[in-house]
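Protein chains in written order, with my numbering: chain A, 7 to 286; chain B, 7 to 286.
Backbone N, C-alpha and C define an ideal beta-carbon position, used for all residues, glycine too.
Before any comments, here is the structure.
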DNA sequence: CTGATAACCTTACGCCATAAAGAGTTCGCG
DNA sequence: CGCGAACTCTTTATGGCGTAAGGTTATCAG
């Protein structure tokens with residue numbers, strides 16, 4: 007797990023919120039010595055490229071430097087250290103997310119769109135799921151994405167305390183669900199073994215090592231055999247492995263369940279302050 | 007992220023499912039050469055102790071070896087490598103979870119108990135949240151815990167496909183929610199800075215670096231100021247920081263919302279196969 | 001041109017996982 | 001009893017990591 011901002015917090019924050027070059031807050035440059043050939047933005051982009059392509063594990067100061075034709079140490083002129091680089095990468099990536107949803111079709115549709123966008127974002131940049139949320143990065147785009155979700159949920163008319171909990175619930179759920187799909191993809195890429203292959207090999211071995219599996223886990227076996235969507239005939243298609251599509255379906259169904267619960271909470275709040283729901 | 011089983015899969019599996027010493031499946035020992043002073047179990051316990059105390063980041067073959075008075079390399083006689091050790095630690099820890107819940111008070115109460123136990127388990131061993139779920143460890147206790155949850159949910163009478171999705175939803179949610187609380191605790195332990203301190207310092211810096219924060223994120227500011235539970239007067243008490251207790255409340259409220267949704271799904275299924283809900 | 005300064009490099013340190021090979025111990029068997 | 005096989009455990013080495021320290025060089029102000 008990568009923890010945020012262990013270095014000088016002030017420097018981290020001003021890097022995250024840095025104004026575009028040349029603004030009054032950022033004088034062009036002291037203009038002495040050689041011109042910098044790199045920039046924070048270029049380094050962050052290179053970092054994202056590495057992490058997207060090879061995963062967070064492959065992200066090192068050396069690999070990022072190499073991608074820019076520099077040594078690892080060259081980066082330290084621009085960025086205080088690796089943790090700050092990851093923070094910058096995280097916040098920069100978050101900038102890809104939409105910043106507004108049409109409230110015309112109601113909050114529920116908007117939340118579904120938000121969740122789908124977030125899901126796809128997480129699959130595009132699986133490494134963002136490995137950035138700790140406990141001590142948030144506190145960058146502009148992190149705040150913007152929170153504000154965006156809040157704007158959507160504001161339409162529910164829920165009171166602040168309930169709203170906070172719903173936000174937490176939605177974020178946890180989307181991240182958790184995306185994590186499974188993303189890790190599956192990462193594992194496949196890292197090992198070169200697809201999901202189906204892997205599971206088949208493991209199932210065979212398991213049957214060998216644990217001959218009494220069916221007696222020990224009857225419900226698991228029943229759930230697996232009964233009502234399983236048949237895996238497609240010809241391996242993986244353009245939309246990822248079978249398991250990945252299963253994860254997507256679990257995600258959509260779970261979101262629907264959650265939104266049903268939210269609607270119940272709204273109804274309860276509308277019924278008056280006496281009827282206190284589970285959100286208090 | 008730690009991926010499971012990159013070594014010889016057969017060896018991993020038989021380690022995970024190893025029968026107790028002396029069984030017919032495991033002859034006492036070839037009995038030649040010095041008696042082993044260590045054992046897989048002792049190493050796994052030492053690993054758990056290290057990870058519990060210092061976090062997953064501090065878990066290295068060296069630290070585990072040191073705790074047993076050995077070098078790092080001594081462990082390789084018992085365990086193929088670090089990934090296998092982590093798998094074994096994970097499955098061993100899962101053995102702490104209860105294996106059955108009283109169905110007398112209904113499935114909902116049982117699920118709430120299950121969730122609370124899982125939550126506490128995750129806070130007791132925060133590192134388990136860093137073990138990838140995409141390629142499961144496939145150990146006995148992992149399967150047992152799934153079977154336990156299934157036994158609880160079996161009482162809902164939901165059909166297999168819906169059941170699978172509910173299981174995924176619950177597991178994602180509990181892990182996601184616990185992760186925040188656990189990471190917060192980990193970060194506090196790793197940096198020696200408590201949550202409140204950290205946030206106050208950051209809030210001050212943020213106000214300095216981003217003077218127009220309130221204009222840019224009006225909803226966030228409103229949500230923070232309105233209806234906030236006042237932090238307790240005197241810092242952290244026995245039950246963790248203020249933020250950790252907030253996380254716990256978010257967790258309980260979120261679970262209630264989810265269970266409301268599950269009840270709706272049950273009602274819909276009972277209404278007949280024509281009324282298809284979001285779980286299909 | 002000179003001296004200061006900033007960008008970049010080389011080197012080095014202490015971590016990490018683990019491969020390879022050797023040291024030391026304990027037994028089965030001749 | 002004694003030898004060699006089998007086994008545990010250590011030492012050493014390789015190639016990775018983040019980054020501290022210090023050197024080199026390009027580019028500027030004066």
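{"query": "Could you tell me the alpha carbon to alpha carbon distance between residue 191/A and residue 184/A, rounded to whole angstroms?", "result": "11 angstroms"}
{"query": "Compare the C-beta of residue 175/A with all C-beta atoms of chain B and state if any pair is closer than 8 angstroms.", "result": "yes"}
{"query": "For the candidate residues 274/B, 275/B, 273/B and 260/B, whose alpha-carbon lies nearest to that of residue 271/A?", "result": "260/B"}
{"query": "State the DSSP-derived secondary structure class of residue 268/B, mapped to helix, strand or coil.", "result": "helix"}
{"query": "How close, in whole Å, do the beta carbons of residue 178/A and residue 219/B come, if the pair is a contact with beta carbons under 8 angstroms?", "result": "That pair is no contact at about 25 angstroms."}
{"query": "On the DSSP bridge list, what partners appear for residue 199/B?", "result": "Paired residues: none, contrary to the question."}
{"query": "Do you know whose CA, among 76/B, 63/B and 65/B, lies nearest residue 44/B's CA?", "result": "76/B"}
{"query": "For residue 137/A, which of helix, strand or coil comes out of DSSP?", "result": "strand"}
{"query": "Tell me the rounded alpha-carbon separation between residue 182/A and residue 214/A.", "result": "32 angstroms"}
{"query": "In angstroms, rounded to a whole number, what distance separates the CA positions of residue 84/B and residue 63/B?", "result": "22 angstroms"}
{"query": "Along the chain, which unbroken stretches of the alpha helix (DSSP H) at least 4 residues long are found entirely within the region 76-108 of chain A?", "result": "88-100"}
{"query": "As an exercise, report each continuous alpha helix (DSSP H) stretch of at least 4 residues that is fully enclosed by the region 159-222 of chain A, in chain order.", "result": "166-197, 201-215 and 219-222"}
{"query": "Which same chain residues, not among the five before or five after residue 58/B, have their C-beta less than 7 angstroms away from its C-beta?", "result": "131"}
{"query": "Between residue 221/B and chain A, is there a C-beta pair that is closer than 8 angstroms?", "result": "no"}
{"query": "With a threshold of 7 angstroms on Cβ separation, who are the neighbours of residue 216/B within its own chain once the five nearest residues in sequence on each side are excluded?", "result": "none"}
{"query": "Is there a Cβ from chain A that is less than 8 angstroms from the Cβ of residue 95/B?", "result": "no"}
{"query": "If I measure Cβ to Cβ from residue 175/A and keep anything under 8 angstroms in the same chain, skipping five residues before and after, which residues do I get?", "result": "264"}
{"query": "Quick one: grab the DSSP three-state call for residue 51/B.", "result": "helix"}
{"query": "Could you work out which residues of chain B lie near residue 156/A, taking near to mean beta carbons separated by less than 7 angstroms?", "result": "225, 226 and 229"}
{"query": "If we cut at 8 angstroms on Cβ distances, does residue 28/A have a partner in chain B?", "result": "Note that residue 28/A has pLDDT 45, beneath the 50 cutoff, so the model's placement of it is unreliable and the number below is only indicative. Taking Cβ atoms only, chain B never reaches closer than 8 angstroms to residue 28/A, which makes this a no."}
{"query": "Compute the Euclidean distance between the alpha carbons of residue 54/B and residue 136/A, then round it to the nearest angstrom.", "result": "22 angstroms"}
{"query": "Use the C-beta contact count for residue 38/B: other C-beta atoms within 10 angstroms, 16 or more gives buried, fewer gives exposed.", "result": "exposed"}
{"query": "Out of 139/A, 148/A, 89/A and 123/A, point me to the one whose CA is closest to residue 17/A's CA.", "result": "89/A"}
{"query": "Cα separation between residue 14/B and residue 207/A?", "result": "12 angstroms"}
{"query": "So residue 67/A is in the alpha helix (DSSP H); what residue range does that whole segment cover?", "result": "67-73"}
{"query": "Determine, using beta carbons only, whether residue 171/B comes closer than 8 angstroms to chain A.", "result": "yes"}
{"query": "If you draw a straight line from the alpha carbon of residue 94/A to that of residue 47/A, how long is it in whole angstroms?", "result": "9 angstroms"}
{"query": "Hey, could you find the ends of the alpha helix (DSSP H) residue 23/A is sitting in?", "result": "Unbroken run through residue 23/A: none, as it is neither H nor E."}
{"query": "With DSSP as the reference, label residue 232/A as helix, strand or coil.", "result": "coil"}
{"query": "Cutting at 6 angstroms between CB atoms, please list the residues of its own chain near residue 226/B, excluding the five before and the five after it.", "result": "none"}
{"query": "Quick one: what does DSSP say residue 260/A is sitting in, helix, strand or coil?", "result": "helix"}
{"query": "Could you give the DSSP three-state label for residue 45/A: helix, strand or coil?", "result": "coil"}
{"query": "CB-CB under 8 angstroms to residue 61/B, same chain, minus the five flanking residues each way: which ones, in chain order?", "result": "132, 133, 192, 195 and 196"}
{"query": "Tell me the rounded alpha-carbon separation between residue 254/B and residue 169/A.", "result": "15 angstroms"}
{"query": "Counting only C-beta atoms, is residue 181/B closer than 8 angstroms to chain A at any point?", "result": "yes"}
{"query": "In its own chain, which residues sit with a C-beta less than 7 angstroms from the C-beta of residue 151/A, not counting the 5 before and 5 after it?", "result": "100 and 103"}
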